[in-house]
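Trainee: Counting from 311, one number per residue, gives the positions in the sequence shown under the working numbering.
Quick one: the structure is below, questions incoming.
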Amino acid sequence: MPADQLSTVETAAHARRAKDRPWLLMYHSVAETTDDPYRVTVSPARLERQLDWLRRRGLRGVSIAQLLGARQVGRAGGMVGLTFDDGYADFVERAVPLLHRYGCTATVFVLPGHLGGTNVWDAEGPRKPLLTADGVRAAAQAGMEIGSHGLLHLDLTAAGDEALQRETAGSRARLADLTGRPPQGFCYPYGRLDRRAVAAVRAAGYGYACAVDPGGLTGLHALPRVHVGEADTGARMLLKRVLHPVRRRPLPTGEQR
Numbered sequence: 311m312p313a314d315q316l317s318t319v320e321t322a323a324h325a326r327r328a329k330d331r332p333w334l335l336m337y338h339s340v341a342e343t344t345d346d347p348y349r350v351t352v353s354p355a356r357l358e359r360q361l362d363w364l365r366r367r368g369l370r371g372v373s374i375a376q377l378l379g380a381r382q383v384g385r386a387g388g389m390v391g392l393t394f395d396d397g398y399a400d401f402v403e404r405a406v407p408l409l410h411r412y413g414c415t416a417t418v419f420v421l422p423g424h425l426g427g428t429n430v431w432d433a434e435g436p437r438k439p440l441l442t443a444d445g446v447r448a449a450a451q452a453g454m455e456i457g458s459h460g461l462l463h464l465d466l467t468a469a470g471d472e473a474l475q476r477e478t479a480g481s482r483a484r485l486a487d488l489t490g491r492p493p494q495g496f497c498y499p500y501g502r503l504d505r506r507a508v509a510a511v512r513a514a515g516y517g518y519a520c521a522v523d524p525g526g527l528t529g530l531h532a533l534p535r536v537h538v539g540e541a542d543t544g545a546r547m548l549l550k551r552v553l554h555p556v557r558r559r560p561l562p563t564g565e566q567r
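Written out as structure tokens, the structure reads:
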């Protein structure tokens, strides 16, 4: 699509955006790599260009808790939710300095059962180091929100009752011990959820939960996000901003449906 047509689409979309659900971006690892079979890695240079793209449009990346809190009082204009799944060590090393440079915050969803480990759940691709306990605390001290990605990155839709309890309530308790405060947010591993998983997350005390495409489930415990990767130039970011929320209903303020 030509640049002038993109600009026209963008202008028209802004009017809809104010009353639509928030725009949440899903990142994972921030590093240089040529081996990325799951498209979970964004180079520091690409992330910086994406943050600059947001800033030049009057948008600022914030944590999900900050975004939802601002929406409750009608002050979320120009805010975009930034999330980083899996808790890779490069979040503190490479993402946080860039986020600070552009006046942003973010939510990092970590796995307290894999602290200091690697992404053993991935069948292919390189092994990437995960945040240690000290790394999680460093991210919190840098102003980033710490959320849970479960305990061991299990598919909650296939977990038994005890495992489901450990992955939701158990991971929340572990992170509360680690950071001094229970996390408000949860992120479904692999983006997979069903009503049973959503109910367990709510029962564990989380105020919100992030998915990818939650299908027919809606509400604060099934928030959709847009995947962002190395290939996402400004033009692709614009198309994702325009198209993603149009397919969704407005974010409910009540209970999960």
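Beta carbons are placed, not taken as given, at the ideal position from N, Cα and C, and that holds for glycine.
What you are looking at is a predicted structure, and each value in this text was computed from that prediction instead of being measured.
Pop quiz: V372 and L357 are said to be a contact at Cβ under 8 Å. What is the actual Cβ separation, rounded to whole angstroms?
Mentor: About 16 Å; that fails the 8 Å criterion.
Trainee: Measure the C-alpha to C-alpha separation of I456 and Q376 and round it to an integer number of angstroms.
Mentor: If I take the Cα positions, the gap works out to 12 Å.
Trainee: For M336 and Q360, I'd like the C-alpha separation in whole angstroms.
Mentor: Those two C-alpha atoms are separated by around 13 Å.
Trainee: Where does M547 fall in DSSP's three states?
Mentor: Helix.
Trainee: Classify A433: buried if its beta carbon has 16 or more other beta carbons within 10 angstroms, exposed otherwise.
Mentor: With fewer than 16 Cβ atoms within 10 Å of its Cβ, A433 is classed as exposed.
Trainee: Please state the DSSP three-state secondary structure of G539.
Mentor: Three-state DSSP puts G539 in coil, outside helix and strand.
Trainee: When you compare the CB positions of G515 and R476, do they come within less than 8 Å of one another, or not?
Mentor: No, these two residues do not count as a Cβ contact at 8 Å.
Trainee: What first and last residue would you give for the alpha helix (DSSP H) that runs through S481?
Mentor: From DSSP, the alpha helix (DSSP H) with S481 extends over 481–489.
Trainee: Look at the alpha carbon of G525 and the alpha carbon of T543, and state the distance between them as a whole number of angstroms.
Mentor: Between G525 and T543, the C-alpha separation is close to 27 Å.
Trainee: Alpha carbon to alpha carbon, how far is R349 from A486?
Mentor: Cα to Cα, R349 sits roughly 31 Å from A486.
Trainee: In whole angstroms, what is the alpha-carbon distance linking F292 and G470?
Mentor: Since the first and last residues shown for the chain are 311 and 567, residue 292 lies out of range.
Trainee: For L548, count neighbouring Cβ atoms within 10 angstroms of its own Cβ and tell me buried if that reaches 16, exposed if not.
Mentor: The residue in question, L548, is buried, as its Cβ has 16 or more Cβ neighbours within 10 Å.
Trainee: By DSSP, does R359 sit in helix, in strand, or in coil?
Mentor: Residue state, collapsed to three classes: helix.
Trainee: From the DSSP output, read off the bridge partner residues of A455.
Mentor: Here the sequence assigns Glu to residue 455, which means Ala is not the residue at that position. Beta-bridge pairing links E455 to T417.
Trainee: Please look up how many angstroms separate the CB atoms of D465 and Y500, rounded, as I've assumed it's under 8 Å.
Mentor: Contact flag correct, Cβ pair sits at about 6 Å.
Trainee: When DSSP labels each residue in this structure, what does T343 get in the three-state scheme?
Mentor: Coil.
Trainee: Might you give, ordered along the chain, the residues of its own chain that have their beta carbon closer than 6 Å to the beta carbon of K550, omitting 5 neighbours on each side?
Mentor: These residues qualify, in order along the chain: V536.
Trainee: When the distance is taken between beta carbons, is R502 closer than 8 Å to H531?
Mentor: In this structure, R502 does not lie closer than 8 Å to H531 by Cβ.
Trainee: Does DSSP classify G384 as helix, strand or coil?
Mentor: Reduced to three states, the DSSP call for G384 is coil.
Trainee: Excluding sequence positions up to five away, which residues of its chain have a Cβ less than 8 Å from the Cβ of G564?
Mentor: Residue placement at G564 is flagged as unreliable, the pLDDT there being 35, under the threshold of 50; the coordinate-derived value follows with that caveat. Result list for G564: G529, in chain order.
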